[in-house]
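Protein chains in written order, with the numbering used here: chain W, 1169 to 1588; chain X, 6 to 251.
Heads up, the beta-carbon is just placed ideally off N, CA and C, and yes, glycines get one too.
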């Protein structure tokens, strides 16, 4: 029966070329936009070099200080004191690494000024992230502790500054300070905000590396769990740990809050800030609700258009519906048939949408909106795309199919669209 | 109702689906069909009592709008009477759900329409398979074989891969008859099957239907305007203004 449905679905699509074109355009264009957005989203939060083990990682964005006497809040990244005395003492993480936010620096080549994004990291950072080394190595724990002037640079910097990537051991002058290149890594997308930089330096060289007991600083701890399954326990241990944190300046600060979140939750907590910042809510549910709602709304418009076209198409096919009913088709049979037709149409549109999305992403990549970002349609995005297409097919097919199944067979055979 | 045309005795195939020879295929008792709108009430059928026995070929005649097609819709379980009862193989279908009625139509009734109502997107053999698609437990091979057998019976074995658009009117009606036969129904309801055909093709179709009735014992009820054709059947039922007049 399915084969017969598929056969007729294909014939119907081919017979009504204009209708098919309009439908396919709506479906494929909508899906193209959704897929491009999904590919970007996947690039931002999905696994990929150097955060290949992102499912095992938790990120700490900020430490929120609630000031006394309702003087507001101060949100800043963590200090080394906080990392060393609290985070590194946690039991669950396999590794705790840090990187700083990006700061700007400048290097001078013979002919031009080279603006650089610099991040400060520790030795563990290189073990947590899987950078692709073109040459050399990361700096070691000892080099960090001794505050040696070593650095890791990305491929683009190596080529711009030296004209080659084979530069390990050579000196580079950044902000008028000389560093020795320990390693060269493949470029990391600026969308991977916890790992991205042009140049990585030992955190002990940072101007914001203070040895006092302040909690706020410039560092973003990254915690690696021994397995993905251990992530919730690690998150909970961080929560417990925060209860033990001593406030160094209780006359100014009433309480401190900080959370270790998976990558997406770390964004949603910051983006969809809760009104009451003392509430521990990463807003991931709200995020999915908003994104799902928007996607649904976005799909709803072409789906409604398709519903409309489909309903009018029913009249054209009333004879067929009448015949099928006369010969024993139940309402369910007809709903099934029409849904198959619509899902086939949507899947064809989905495949076209995938092609369009690949083209659109190629254009986006060409335009370099985000440094070193290369957006791709992964299998994961493809799977989501096909699921969306399927939902799209069902959404736009259910109502017309139901309406079709309700046609009075006698009226349908006469060619009128009277309902039962 | 007496037979208007004496019929020769002929072999009858075994009734399907456990039906017994003794029971009429269809019995309509005190049937009324009233179409009601806000302002007007139209009586399409009034106090119709009709029994169709196994192996009969019955013609229904009458002027346009006399209720013939309504009667056929009721007989085909495509519509419900306002009053009265319909029995199929001795079972009253009043309380049947839509699904049960669909199943009953699939098993017991075949339809032939004036305008053929073939599905243009499907080949001849696929069209004939349509009723069998809704037959529970029937595999693709059996469906195909039964469709081919039915096409053989109507003399269209050579046209199985054609599409309706490639056939003449007479051939299309043969396909429609094959489709009606494919499911092995108890009864075929034909609504002016020769109405869209010229006299030669009409004769061919009529001969085919007569052959099916006489040789294979297929029970047929045919709505027609053609007195000559009606007279070839075993019994003619006449209608006027929704009432049975003969």
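| Asked | Found |
| --- | --- |
| Relative to the alpha-carbon of residue 1319/W, which residue among 1367/W, 1530/W, 1565/W has its alpha-carbon at the smallest distance? | 1367/W |
| Which residues, in chain order, does the region 73 to 90 of chain X contribute to contact with chain W at a C-beta distance below 7 Å? | 78, 81, 83, 84 |
| Could you tell me which residues DSSP pairs with residue 196/X in its beta bridges? | 228/X |
| On the CB-based measure, 16 or more other CB atoms within 10 Å of its CB, does residue 14/X come out buried or exposed? | In this predicted model, residue 14/X has a pLDDT of only 34, less than 50, meaning its place in the structure is not dependable; the value taken from the coordinates is given anyway. It is exposed - the Cβ of residue 14/X has fewer than 16 other Cβ atoms within 10 Å. |
| Which word fits residue 1340/W, buried or exposed, when buried means at least 16 other C-beta atoms lie within 10 angstroms of its C-beta? | buried |
| Using a Cβ-Cβ cut-off of 8 Å, state whether residue 3/X counts as contacting chain W. | As displayed, chain X neither begins before 6 nor continues past 251, which places residue 3/X out of reach and without an answer. |
| Between the beta-carbon of residue 140/X and the beta-carbon of residue 188/X, is there less than 8 Å? | yes |
| Please report how far the alpha carbon of residue 65/X lies from the alpha carbon of residue 29/X, in whole angstroms. | 17 Å |
| Who are the near neighbours of residue 200/X in its chain, counting only those whose CB is closer than 6 Å to its CB and skipping five residues on each side? | 119 |
| What are the boundary residues of the beta strand (DSSP E) that includes residue 1258/W? | Element bounds for residue 1258/W: n/a, residue is neither H nor E. |
| Of all the CB atoms in chain X, is at least one closer than 8 Å to the CB of residue 1569/W? | no |
| With three or more C-beta pairs closer than 8 Å as the rule, is the region 208 to 226 of chain X touching the region 167 to 179 of chain X? | yes |
| If you run the structure through DSSP and keep just helix, strand and coil, what is residue 202/X? | coil |
| Considering only the beta carbon of each residue, do residue 1286/W and residue 1296/W sit closer than 8 Å? | no |
| Could you tell me if residue 1182/W is buried or exposed, where buried requires 16 or more neighbouring beta carbons within 10 angstroms of its beta carbon? | exposed |
| Keeping to the same chain, check which residues put their C-beta closer than 8 Å to that of residue 1446/W; ignore five residues upstream and five downstream. | 1234, 1423, 1425 |
| Could you tell me which residues DSSP puts in a beta bridge with residue 1319/W? | 1349/W |
| Going along the region 1407 to 1431 of chain W in order, which residues come within less than 8 Å of chain X, judged by CB to CB distance? | none |
| Mind listing which residues of the region 1170 to 1198 of chain W have their C-beta closer than 8 Å to chain X's C-betas, in chain order? | 1171, 1172, 1175, 1176, 1179, 1180, 1183 |
| May I ask you to verify whether the region 1511 to 1523 of chain W touches the region 1179 to 1198 of chain W, counting CB pairs closer than 8 Å and requiring at least 3? | yes |
| List the residues of chain X whose Cβ lies closer than 7 Å to the Cβ of residue 1492/W, in chain order. | 135 |
| Can you tell me whether residue 12/X is helix, strand or coil according to DSSP? | Below a pLDDT of 50, predicted positions are generally treated as unreliable, and residue 12/X, at 34, falls in that range; the measurement from the model is reported next regardless. Looking at residue 12/X - three-state DSSP - the assignment turns out to be coil, as it is neither helix nor strand. |
| Using a Cβ-Cβ cut-off of 8 Å (strictly less than) and excluding sequence neighbours within five positions of residue 1540/W, which residues of its own chain qualify? | 1322, 1324, 1355, 1356, 1357, 1358, 1364 |
| At 7 Å on the CB atoms, spell out the chain X contacts of residue 1488/W, in chain order. | 124 |
| Does the structure place the region 1373 to 1391 of chain W close enough to the region 1328 to 1343 of chain W that three or more beta carbon pairs sit under 8 Å? | no |
| Go to residue 1489/W, then tell me how far its alpha helix (DSSP H) extends in each direction, as first and last residue. | 1486 to 1494 |
| Quick one: list the residues of chain X neighbouring residue 1497/W, beta-carbon separation under 7 Å, in chain order. | 107, 139 |
| Beta-carbon of residue 1581/W versus every beta-carbon of chain X: anything under 8 Å? | yes |
| Assign residue 7/X to buried or exposed, taking buried as 16 or more other Cβ atoms, counted over all protein chains shown, within 10 Å of its Cβ. | Note that residue 7/X has pLDDT 37, beneath the 50 cutoff, so the model's placement of it is unreliable and the number below is only indicative. Result: exposed. |
| Kindly list, in the order they appear in chain X, the residues whose Cβ is closer than 9 Å to that of residue 1162/W. | Residue 1162/W cannot be examined here, being either before or after the span of chain W that is shown, 1169 to 1588. |
| Can you find the residues in the same chain that come closer than 8 Å, C-beta to C-beta, to residue 128/X, ignoring five residues on each side of it along the sequence? | 165, 166, 167, 168 |
| Taking C-beta pairs closer than 7 Å, name the residues in chain X that residue 1215/W reaches, listed in chain order. | Ordered by position in chain X, no residue passes the 7 Å Cβ test against residue 1215/W, which lies about 45 Å from the chain. |
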